[in-house]
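Each remark here refers to the structure printed beneath this line.
Residue numbers (this note's numbering): 7 to 372.
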């Protein structure tokens, strides 16, 4: 009987301890959730400034948190992810281009990302790799984002806080000031948006691309940022296949480092010099322009287009070759023949003419 009472008492004490432990755990979890919820409703910084953030399709909550932190819109990516976790909203975030205000809370940012960018009366604009700023201006005007003239004025005159814009060379030979620095991507812009805000969005994307790792690779190639983007822009306009971008970059580097000096002789620079026409007349190769690499030695004064990531990577990591020449095969594949000697280049040009003749014959026969 005594043993039974002892056993019953022990069980009661265990149950009491277990109950207290469960209550303590519950209060701990509730407190933890409460702290996260409290933090999620605290302003991040002082209100008053607005900036656009691009959330690309396929970005994870971790990626989004990093972008928001990098732009100073949230103070901790960890609290952002924890808030998404406890509220089960991570799967509801939508891609798009968002206008955020400084001083917003995490909860407000999440609410905006769930609503989607369509709430801003936006239009989706795709800027292809290799477009010039003038081509970008034309696209924006056609989409009714901003006028061609207002965009080009902002390109030439507006001030921006990004370090690489403050370091732009003051070279009067440069045609359009921000050429090469506007990252090609798909954006959601407001109808009638300020050109400066549009440029800030594209410059912000370039800022994300210019990671410490890529800047280190650039310095290892002994390049300035302007030189790197200039080469990348030529690769962008010359290459038709991604696999050939490092090869074309190698030709450019080989020519730049050749002794005695060699002209780059890049057709795309001549097209830029005469205004990007659809046809390149023979007379264009002698045009008097600092961008004409058939006449002048070395690099043109600045980029000739806005390169995409593949061309930037090819410039930072060019193939190791002894090629000094290339020519399009002319067989409809977009591929090129590469050569070390001028004699090989002449043979490749002859093969190109044969390919073009064969295509013309097949087209006529059909």
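Where is the CB? At the ideal position from N, CA and C, for every residue including glycine.
Note that this is a predicted model, so its numbers are computed, not measured.
Member of 354, 278, 173, 101 whose CA lies at the smallest distance from the CA of residue 64: Your numbering for residue 64 matches position 58 in the chain shown. For the set 354, 278, 173, 101, the Cα lying nearest the Cα of residue 64 is the one of 101.
Three-state secondary structure assigned by DSSP to residue 336: As a working mapping, residue 336 is identified with position 330 in the chain shown. Residue 336: coil per DSSP, three-state reduction.
Ranges of the alpha helix (DSSP H) found wholly within the segment 77-130, counting only runs of at least 4: 83-93, 112-121
Euclidean distance between Cα positions of residue 56 and residue 241: What you label residue 56 is simply residue 50 of the chain shown in a count that begins at 1. What you label residue 241 is simply residue 235 of the chain shown in a count that begins at 1. Looking at the two C-alpha atoms, the distance is approximately 35 Å.
Under the three-state DSSP convention, the category residue 23 falls into: Numbered from its first residue, the chain shown carries residue 23 at position 17. DSSP places residue 23 in helix when its eight states are reduced to three.
Residue 196 - partner residues in DSSP beta bridges: In the chain shown, the residue the question calls residue 196 occupies position 190. In the DSSP output, where bridge partners are listed per residue, residue 196 has 128.
Contact belief for residue 365 with residue 338 at Cβ below 8 Å, rounded distance in angstroms: As a first step, residue 365 is located in the chain shown; it is residue number 359 there, counting from the start. As a first step, residue 338 is located in the chain shown; it is residue number 332 there, counting from the start. About 6 Å separates the two Cβ atoms, so the contact holds.
Cβ pair residue 119, residue 99 closer than 8 Å: Position 113 of the chain shown holds residue 119. Position 93 of the chain shown holds residue 99. Yes; because the gap between Cβ atoms is below 8 Å, this pair is in contact.
Buried versus exposed, by CB contacts within 10 Å (16 or more), residue 8: For the purposes of this step, residue 8 is identified with residue 2 of the chain shown, where counting begins at 1. Interpretation of residue 8 is limited by its pLDDT of 48, a score under 50 that renders its predicted location unreliable; the figure taken from the coordinates is listed afterwards. With fewer than 16 Cβ atoms within 10 Å of its Cβ, residue 8 is classed as exposed.
Beta-carbon proximity list for residue 86, same chain, < 7 Å, skipping 5 on both sides: Sequence index remark: in the chain shown, residue 86 carries index 80 (1-based). Here the set comprises 71, 74, 80, 112.
Backbone secondary structure at residue 48 - three-state DSSP: For this step, residue 48 is matched to residue 42 along the chain shown. Coil.
Where residue 405 sits in the DSSP three-state scheme: For the chain, the structure presents residues 7 to 372; residue 405 sits outside this window and is missing.
Reference residue 47, options 58, 285, 114, closest by Cα: If you number the chain shown from 1, residue 47 lands on position 41. Of 58, 285, 114, the residue nearest in Cα terms is 114.
Residue 344: first and last residue of the uninterrupted beta strand (DSSP E) it sits in: The sequence position of residue 344 within the chain shown is 338, counting from 1. That run of the beta strand (DSSP E) goes 342-345.
Contact the segment 187-203 vs the segment 289-296: 3+ CB pairs below 8 Å: Result no; under three Cβ-Cβ pairs closer than 8 Å.
Range covered by the beta strand (DSSP E) that runs through residue 139: Here the question's residue 139 lines up with position 133 in the chain shown. No beta strand (DSSP E) contains residue 139, which is instead part of the alpha helix (DSSP H) from 139-148.
Start and end residues, alpha helix (DSSP H) containing residue 233: In the chain shown, residue 233 corresponds to position 227, counting from 1. Taken as a continuous stretch (DSSP letters only), the alpha helix (DSSP H) holding residue 233 covers 231-244.
Residue 269 vs residue 299 beta-carbon contact at 8 Å: Within the chain shown, residue 269 is the residue found at index 263, counting from 1. Within the chain shown, residue 299 is the residue found at index 293, counting from 1. Against a cut-off of 8 Å, the Cβ pair of residue 299 and residue 269 comes out as a contact.
Residue 147 beta carbon near the ligand HEM (any heavy atom closer than 7 Å): In the structure on display, the ligand HEM does not appear, and there are no ligands present to speak of.
Sequence-distant residues of the same chain with beta carbon closer than 8 Å to residue 257, five excluded per side: The count along the chain shown starts at 1 and reaches residue 257 at position 251. Here the set comprises 327, 329, 330, 331, 332, 344.
Under the three-state DSSP convention, the category residue 57 falls into: Numbered from 1 along the chain shown, position 51 holds the residue referred to as residue 57. Looking at residue 57 - three-state DSSP - the assignment turns out to be strand.
First through last residue of the alpha helix (DSSP H) which encompasses residue 166: Here the question's residue 166 lines up with position 160 in the chain shown. It is not in any alpha helix (DSSP H) - residue 166 carries neither H nor E in the DSSP assignment.
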